[in-house]
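At position 531 of the sequence shown the residue is numbered 523 (this note's numbering), and the sequence of numbers has no breaks.
All C-beta atoms in this analysis are idealised placements derived from N, C-alpha and C, irrespective of residue type, glycine included.
All figures in this text were calculated on a predicted structure; none of them were measured in a lab.
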Amino acid sequence: MNNMLTTRVFMMLSVLAVSISAKADDNEMRLWYSSPANEWVEALPLGNSHMGAMVYGGISEERIQLNDETFWSGRPYDNNNPDGIAHLEEIRDLVFQDRTKEAEDLIAKYYMTPQHGMRYLTLGEATLTFSNNDSVSGYFRELDLNRAVAKVCYKSGGVTYTRQAIASLPDGVVMINIAADKPGALNFRLGYDAPEGSSVKTKRGYMLVTIPGVEQEGIPGGLRAVCGIRVVTDGALSGTRSSVDVSDATEATLYIASATNYVNYSDISGKPEREVERLLSVASKKDFPKALDEHISAYREQFDRVKLELPSASNSADETHRRVLNFNSDYDPSLVALLFQYGRYLLISASQPGGQPANLQGVWNASQHAPWDSKYTININTEMNYWLAEPCDLGDCHLPLFDLLERMLPNGRRTAQVMYGCRGFVAHHNTDLWGDTAPQDLWIPGSFWVMGGAWLCTHIWTHYQYTGNTEFLRRMFPVMREAAQFFLDFCIEHEIDGVTYLCTCPSVSPENMFVLPNGEQGANSIGVTMDNQILRDLFTQCNQAARILGVEDALDRQIADACGRLIPTRTGRDGRILEWCEQYGEKEPGHRHISHLYGLHPSDQITKDGTPELAAAAERTLQKRLACGGGHTGWSRAWIINHYAKLWDGEKAHENLRQLLIKSTLPNLFDNHPPFQIDGNFGAAAGMIEMLVQSNADRVVLLPALPSAWKSGRLMGVRVCGNARMNIVWRDGRLEHAQVCSGCETLRKFVYRDVCVEMHLIKDCWTEIVWEG
-7 MNNMLTTRVF MMLSVLAVSI SAKADDNEMR LWYSSPANEW VEALPLGNSH
43 MGAMVYGGIS EERIQLNDET FWSGRPYDNN NPDGIAHLEE IRDLVFQDRT
93 KEAEDLIAKY YMTPQHGMRY LTLGEATLTF SNNDSVSGYF RELDLNRAVA
143 KVCYKSGGVT YTRQAIASLP DGVVMINIAA DKPGALNFRL GYDAPEGSSV
193 KTKRGYMLVT IPGVEQEGIP GGLRAVCGIR VVTDGALSGT RSSVDVSDAT
243 EATLYIASAT NYVNYSDISG KPEREVERLL SVASKKDFPK ALDEHISAYR
293 EQFDRVKLEL PSASNSADET HRRVLNFNSD YDPSLVALLF QYGRYLLISA
343 SQPGGQPANL QGVWNASQHA PWDSKYTINI NTEMNYWLAE PCDLGDCHLP
393 LFDLLERMLP NGRRTAQVMY GCRGFVAHHN TDLWGDTAPQ DLWIPGSFWV
443 MGGAWLCTHI WTHYQYTGNT EFLRRMFPVM REAAQFFLDF CIEHEIDGVT
493 YLCTCPSVSP ENMFVLPNGE QGANSIGVTM DNQILRDLFT QCNQAARILG
543 VEDALDRQIA DACGRLIPTR TGRDGRILEW CEQYGEKEPG HRHISHLYGL
593 HPSDQITKDG TPELAAAAER TLQKRLACGG GHTGWSRAWI INHYAKLWDG
643 EKAHENLRQL LIKSTLPNLF DNHPPFQIDG NFGAAAGMIE MLVQSNADRV
693 VLLPALPSAW KSGRLMGVRV CGNARMNIVW RDGRLEHAQV CSGCETLRKF
743 VYRDVCVEMH LIKDCWTEIV WEG
């Protein structure tokens, strides 16, 4: 890179003094439709992390499907199989001999359990049946991302009816305000469609729904959920034992609260009725305008931190589902910007400090039998949910993931000891509300994988890199170190080309299978590439954290030694990254998981400027995957966007983003696996950031993968490693302005195209960088 350049640095008290700030058209930051939703994937999501709601926007009947973040099946349970440890060495010997089927038969017999883990449940639906049956005109419904408000408006019988719904962040409840512009014209019935076995009771404008727990594969249902709805209106209240009638009203507000008896992963002694009453007592004392203002203020404190502006097209004002439907023929960059901010909106709505992390469906699920149980799949999906958190300045939304890790720690210690005879902490490919760490279900290619806890632990370092919060690092360091300690005991020695390495065995490349030369298919192997890459990150990060915290000891020296003995990322005869330690045949060359490119993304072990040969091999790996049908699920396509962004290939990153919108995006912009899975939304937003700004401990790269379709634009408030934030503006495909504000005094390298400059940053001062010549 050329360091010979002239820069001008301007120190400013506030970014507001700079003329490049811009506000996107508020109309472009909304999803809108001219008819009600007919199915769940057309409804509009609201959430405050504690509760999720899907609003259909019906005319004669409105449906509000509800979820509580702690309503899961089962109860605290032990899923460890103690029979496995006696057979571990035999299994390893069989793997060494390529007798994979025999090894996997033993794994299935002695390590696996029939327990698939617990599943995330629904609270059912509140229903509003309206008596106005006259012809309707002027109907529209929208989700305003700038305010986190869902709105329905239409005219019937000469009266305009308006409904506004929020999932209040300050109050932890869902509120629905219904108003008519003619006095006394509002009449409706509140009902409830509850899961089987529930009870619905009403009294004086108050509805209480009690939903029983659900047994899962022999584990009794230990949780019950309670949903309370209080109606406040200027009209008359009446009803039946299971419904509330509102008549002759001008306005009514529904306050909806939920709770379960979940206290923590080992305590289900809570009093949900009491908690619901407390929530409703506080919330219903506020009139809706006041509650709305407080909600918007709390929401915008997070949402307004980052703005992305891309050019608008002639069809930008069309209904959202039409914009998606026509995206292939009518390209609209502002729809891409909407999808980006929608991802941020969903994370704010699904993952708040003190709550549960976002699961496979965030906090939204309409079924008692959700796809893949809507749990935490930690072999990619849960991690992808949080790729956008730090660069999108939503680090506080990242915190529930670390709380989950701490809940998993005691269980993971037991799994490590009972199933492997190892110290430390381990978790496999799935977990749930109860923090399960043992293998779940009987599916060998997915279940028998010991890297889930290790991968989650790398998020600890990511949060520290972006925030510089040493107190957080001190709190979480023991979890990181216990995850590393497990592998000091678990890994075995294996020789490759005359060099002895430390390797995991047995393990899988998540959900994929290989073909041996004799035609036998299998999943379990030794020294899987992704394992090595995750461990290289974990071991390195543990050592760096120990130095920062001043707590280095003999264990940290062992971790450092082990890091140097891992198999390096290697390429095969065809120049692609090896997925396993040998070049096996691939059962599915177009597999949705691209696990052996973890080193490219989310890690930075493979970079375009640091390891160009490996970057070229990664590119060949992607080309082969896509040529064989890869990217056919929404989240996998999102991962590919991030991969190409890291390869600084803006056109291919953009093409995969287009394909995600064309093939894997539902009418309400939810990502389609299929079915709906929220990681694709989060992964796509993260990929857009990677296209525009990339950072690690060494440097910040500006516009590394800018596609020609985004000729001009602005990205404001994006965070970069080193506790800093940036504003960038580009025009005609070239960087026009770049500003940085650091949370500490530091030296930092910035790269744009073939130019690199090192700058001295002063704490809390905005610095504008101007490249010349």
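Minimum Cβ-Cβ distance from ASP365 to chain C less than 8 Å: Absence of chain C from the displayed structure is noted, only one protein chain being present.
Counting Cβ pairs, one atom from each stretch, are 3 or more of them under 8 Å apart for the region 317 to 328 and the region 273 to 290? no
Does the region 524 to 538 come close enough to the region 498 to 507 to have 3 or more Cβ pairs within less than 8 Å? Cβ pair count under 8 Å is below three, so no.
Buried or exposed: which applies to LYS195, given that a residue is buried once 16 or more other Cβ atoms fall within 10 Å of its Cβ? exposed
If you drop the 5 nearest sequence neighbours on each side, which residues of the same chain put their C-beta closer than 7 Å to that of GLY149? ASN124 and ASP126
Give the secondary structure of SER13 by DSSP, where H, G and I count as helix, E and B as strand, and everything else as coil. Only weak support is given to the placement of SER13: the predicted model assigns it a pLDDT of 34, under 50, and the value that follows is read from those uncertain coordinates. Coil, per DSSP.
If you draw a straight line from the alpha carbon of THR450 to that of MET400, how long is it in whole angstroms? Looking at the two C-alpha atoms, the distance is approximately 15 Å.
Have a look at GLY582 and VAL721 and give me their C-alpha separation to the nearest angstrom. 37 Å
Spatial neighbours of ILE654 within its chain, please: CB distance less than 7 Å, with the 5 preceding and 5 following residues excluded, ordered by chain position. PHE319 and ASN320
For the beta strand (DSSP E) holding ILE488, just list the boundary residues, first then last. Its beta strand (DSSP E) spans residues 484 to 488.
Using a threshold of 8 Å, state whether the C-beta atoms of PRO696 and TRP640 are closer than that. yes
Bridge partners for HIS729 per DSSP, in chain order? VAL721
Proximity to ARG562 [Cα-Cα], best of GLY519, GLY49 and MET167: GLY519
When the Cα atoms are used, what is the spatial distance from LYS15 to LEU707? Note that LYS15 scores a pLDDT of 41, beneath 50, so its modelled location is shaky; the value from the coordinates is reported in the next line. Between LYS15 and LEU707, the C-alpha separation is close to 11 Å.
For the alpha helix (DSSP H) that contains TRP702, what are its first and last residues? Taken as a continuous stretch (DSSP letters only), TRP702 belongs to no alpha helix (DSSP H), as it is neither H nor E.
Which residues mark the beginning and the end of the alpha helix (DSSP H) in which MET376 is found? 373 to 377 is the span of the alpha helix (DSSP H), which, as asked, contains MET376.
So is GLY622 buried or exposed if we call it buried at 16+ other beta carbons inside 10 Å? Buried, because 16 or more other Cβ atoms sit within 10 Å of the Cβ of GLY622.
Based on DSSP bridge pairs, tell me the residues matched to HIS752. LEU739
Nearest by alpha-carbon distance to TYR744: which of THR738, LEU753 and ARG691 is it? If we check each option's Cα against that of TYR744, ARG691 comes out closest.
Based on the DSSP output, what are the partners of TYR493 in its beta bridges? HIS486
Taking its Cβ as the centre, do 16 or more other Cβ atoms sit within 10 Å of HIS752, making it buried, or is it exposed? exposed
Whole-angstrom distance between ILE761 and LEU(-3), CA atom to CA atom: Legend: pLDDT at LEU(-3) = 35, less than 50; position of this residue unreliable, no value from coordinates given.
With H, G and I counted as helix, E and B as strand and the rest as coil, what does DSSP make of THR561? coil
Quick check on DSSP: helix, strand or coil for SER628? helix
Using a threshold of 8 Å, state whether the C-beta atoms of ILE766 and ALA140 are closer than that. What the structure shows of the chain is the stretch from -7 to 765, and residue 766 is not part of that stretch, so it cannot be assessed.
Inter-residue Cα distance where the pair is ILE170 and PHE479: 57 Å
On the three-state DSSP scale, how would you describe ASN422? strand
Do GLN348 and GLU61 have their C-beta atoms closer together than 8 Å? yes
Buried or exposed (CB count within 10 angstroms, at least 16 for buried), LYS101: exposed
Would you tell me roughly how many angstroms separate the C-alpha atoms of ASN71 and ALA430, rounded to the nearest one? 6 Å
Taking a contact to mean a Cβ-Cβ separation below 8 Å, would you say HIS593 touches LYS644 in this structure? no
When you compare only the Cα positions, how much space is there between MET202 and ALA217? According to the sequence provided, residue 202 is Thr. The question's Met does not apply to it. Distance between the alpha carbons of THR202 and ALA217: 6 Å.
May I ask you to report which of helix, strand or coil DSSP gives SER239? strand
What are the boundary residues of the beta strand (DSSP E) that includes TRP24? 22 to 25
Would you list the one or two residues that DSSP bridges to ARG55? THR119
Identify which residue in VAL732, VAL87 and PRO666 has its Cα closest to the Cα of VAL693. VAL732
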